[in-house]
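*Asks:* I have a structure I would like to understand better, so I am pasting it below and will then ask my questions one at a time.
Numbering (the numbering used here), first residue to last: 8 to 511.
Next comes the structure, spelled out in structure tokens:
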């Protein structure tokens, strides 16, 4: 009963606000479902929702926990801050050459250049092959003749029907029709199909594969104006009248010339790609890449030197180049499928062994790194000095430090935890601080991306508990979801399951 109510409430299956059995069947067919499959899916969903509903009713949050969470959720804090960025103070620090040399000596192992290789390779791609495909009118027209079915619209038929429960009722209606009764009026009076009865049973135009097989077999065997004998389906008995036929038509050659040329080129390129990959596979096994290139009239490419973890080439390319077969044995690789329509065969041309980088090669890199570290240490110290001065009430010293480093307070005002009035990282730091007693609380905090801040937290307040109910619902939903997932995990762990990933 609940499953039926769920299906009947879906607007997709309604016509003029009422559930239509015919439309229900049509929509399922169009989406690749049988009624049994669809109802099984919905039954499972309904069962799961009922389990979740029961869990939701059994979950609870204590008043004490709700009160504390509500206070935290509704708490607001008033603050201002000073932000320092290491990049702005790199000019205030100096790295001497001795420090650079010492860092190099201690971190020598960090400055190795990995092994690199250079490879020759032959690449085949559908897009490049397609560029060389030439199409003449005769070939294109012959292709059109061979592919006419592809460019032919399906035959459509327009029919009316009257759906009744019994064969006897259907036969009585057939007798009335044979005596000259109006089909539309009988449909409006007797048909059980609420989706079409008000339109005189008219189903409009449809192609094969849309209606039930027994129904459409009859429709597509009738002549225009003919009224059928009763047709039985799972819904009951139908009396059908065929009103119109729109035969399938072939699109003219000139109308689809561009589309034909694209399809012809695609087909020819795919065939050529298949033939070339077969030939290249054989030649790469038997001969050198130079010979394969000459015999097949294909370009022999040469890469620059690259490391195994290089992002210059696809992972499959680099993996094949550094395989034992290619790198150590010096042989041609097998045919590698880089993507659906791209293939390559490669061979090592040259190697550069792993080596220790010289000091002169990396001293600039080290200098930059040490400068960044020193400037970050510098701003951390400035932030701490300002914070210490303010905490002691020495506002004069704090202002001198701020003026010297061109710093200013940024007033933010009152914020909640989810506020966007300041960066999330800053707001999180503000709400991590202890609640101030009487005076303003000051704190120096180090942030990511080479930044430091000084926070001045002046006040904390909790707003009225207007969202307690919403918070309780949210917590209950969280608890019930957690319980449901825990049950699923336990069931999976204890059940004997086999997952067929190829069917997912």
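The beta-carbon is built from N, C-alpha and C at its ideal position, and this holds for glycine as well. Note that the structure is predicted; figures quoted are calculated from it, not measured.
Measuring CA to CA, which of 96, 436, 438, 88 is closest to residue 378?
*Replies:* Of the candidates 96, 436, 438, 88, the one whose C-alpha sits nearest the C-alpha of residue 378 is 96.
*Asks:* To the nearest angstrom, how far is the alpha carbon of residue 26 from that of residue 318?
*Replies:* Computed Cα separation, rounded: 57 Å.
*Asks:* How should residue 134 be labelled, buried or exposed, when 16 other C-beta atoms within 10 angstroms of its C-beta is the threshold for buried?
*Replies:* Exposed, by the Cβ-count rule.
*Asks:* So is residue 339 buried or exposed if we call it buried at 16+ other beta carbons inside 10 Å?
*Replies:* Buried.
*Asks:* Pick helix, strand or coil for residue 119, following the three-state DSSP scheme.
*Replies:* Reduced to three states, the DSSP call for residue 119 is strand.
*Asks:* Could you name the residues of the same chain whose beta carbon sits closer than 6 Å to that of residue 283, not counting the 5 residues immediately before and after it, in chain order?
*Replies:* Cβ neighbours of residue 283 beyond the five flanking positions: 131.
*Asks:* When DSSP builds the beta bridges, which residues end up paired with residue 92?
*Replies:* Note: residue 92 sits in a beta bridge opposite 458.
*Asks:* Less than 6 Å between C-beta atoms, sequence neighbours within five positions excluded: which residues of the same chain meet that for residue 409?
*Replies:* Around residue 409: no qualifying Cβ.
*Asks:* With DSSP collapsed to three states, give me the class of residue 209.
*Replies:* It is a strand residue.
*Asks:* If I measure Cβ to Cβ from residue 288 and keep anything under 6 Å in the same chain, skipping five residues before and after, which residues do I get?
*Replies:* Answer for residue 288: 342, listed in chain order.
*Asks:* Taking the alpha helix (DSSP H) that residue 392 falls in, what are its first and last residues?
*Replies:* From DSSP, the alpha helix (DSSP H) with residue 392 extends over 366–398.
*Asks:* Would you say residue 257 and residue 158 are within 8 Å of each other, going by their C-beta atoms?
*Replies:* Contact: yes.
*Asks:* Please report the straight-line C-alpha distance between residue 127 and residue 351, rounded to a whole angstrom.
*Replies:* Taking the straight line joining both Cα atoms gives about 10 Å.
*Asks:* Using CA coordinates, which residue listed in 47, 261, 172 is at the minimum distance from residue 148?
*Replies:* Here the closest residue by C-alpha is 261.
*Asks:* Measure the C-alpha to C-alpha separation of residue 103 and residue 428 and round it to an integer number of angstroms.
*Replies:* Their backbone Cα atoms lie some 41 Å apart in a straight line.
*Asks:* When the Cα atoms are used, what is the spatial distance from residue 380 to residue 371?
*Replies:* Looking at the two C-alpha atoms, the distance is approximately 14 Å.
*Asks:* With DSSP run on the structure shown, which of helix, strand or coil describes residue 340?
*Replies:* In this structure, residue 340 counts as coil in the three-state DSSP scheme.
*Asks:* Would you kindly report the start and end of the unbroken beta strand (DSSP E) that includes residue 250?
*Replies:* It spans 243–253 - the beta strand (DSSP E) in which residue 250 sits, taken as one unbroken run.
*Asks:* Under the three-state reduction of DSSP, which class applies to residue 329: helix, strand or coil?
*Replies:* Residue 329 falls in the coil class under three-state DSSP.
*Asks:* How would you label residue 396, buried or exposed, when you count the other beta carbons within 10 angstroms and need 16 or more for buried?
*Replies:* Buried, by the Cβ-count rule.
*Asks:* List the DSSP bridge partners of residue 6.
*Replies:* In this structure the chain extends from 8 to 511, so residue 6 is not present and cannot be described.
*Asks:* Quick one: is residue 245 buried, meaning 16 or more other Cβ sit within 10 Å of its Cβ, or exposed?
*Replies:* Buried, because 16 or more other Cβ atoms sit within 10 Å of the Cβ of residue 245.
*Asks:* Mapping the DSSP letters down to three states, classify residue 148 as helix, strand or coil.
*Replies:* Of the three classes helix, strand and coil, the one that applies to residue 148 here is helix, per DSSP.
*Asks:* Measure the beta-carbon distance from residue 393 to residue 89 and round it to whole angstroms, keeping in mind my assumption that it falls under 8 Å.
*Replies:* Right, their Cβ atoms sit about 7 Å apart.
*Asks:* Below 8 Å between beta carbons: does that hold for residue 222 and residue 164?
*Replies:* Cβ distance not < 8 Å, so residue 222 and residue 164 don't count as in contact.
*Asks:* When you compare only the Cα positions, how much space is there between residue 198 and residue 21?
*Replies:* Near 17 Å, if we compare the C-alpha coordinates of residue 21 and residue 198.
*Asks:* Starting from residue 274 and walking both ways along the beta strand (DSSP E), at which residues does that stretch end?
*Replies:* From DSSP, residue 274 is part of no beta strand (DSSP E) but of the alpha helix (DSSP H) over 264–293.
*Asks:* In three-state DSSP terms, what is residue 45?
*Replies:* Three-state DSSP puts residue 45 in a helix.
*Asks:* I'd like the span of the beta strand (DSSP E) that includes residue 404, first residue to last.
*Replies:* Per DSSP, residue 404 belongs to no beta strand (DSSP E); it is in the alpha helix (DSSP H), 402–411.
*Asks:* Less than 8 Å separating the beta-carbons of residue 118 and residue 271?
*Replies:* No.
*Asks:* From 100, 448, 108, 303, pick the residue whose C-alpha is nearest to that of residue 368; which is it?
*Replies:* Nearest of 100, 448, 108, 303 to residue 368, Cα basis: 108.
*Asks:* Please name the residue, chosen from 232, 460, 175, 52, that lies closest to residue 391 on a Cα-to-Cα basis.
*Replies:* The option with the nearest alpha carbon to residue 391 is 460.
*Asks:* With C-beta atoms as the reference, is residue 357 less than 8 Å away from residue 125?
*Replies:* Yes. Within cutoff.
*Asks:* Could you say which of 98, 422, 453, 441 lies nearest to residue 87 if we only look at CA atoms?
*Replies:* Comparing Cα-Cα distances from residue 87 to each of 98, 422, 453, 441, the minimum goes to 422.
*Asks:* DSSP beta-bridge partners for residue 230?
*Replies:* Its beta-bridge partners do not exist; DSSP assigns none.
*Asks:* Take residue 349 and list the residues in its own chain whose beta-carbon comes closer than 6 Å to its own, dropping the five residues that flank it on each side.
*Replies:* Result list for residue 349: 132, in chain order.
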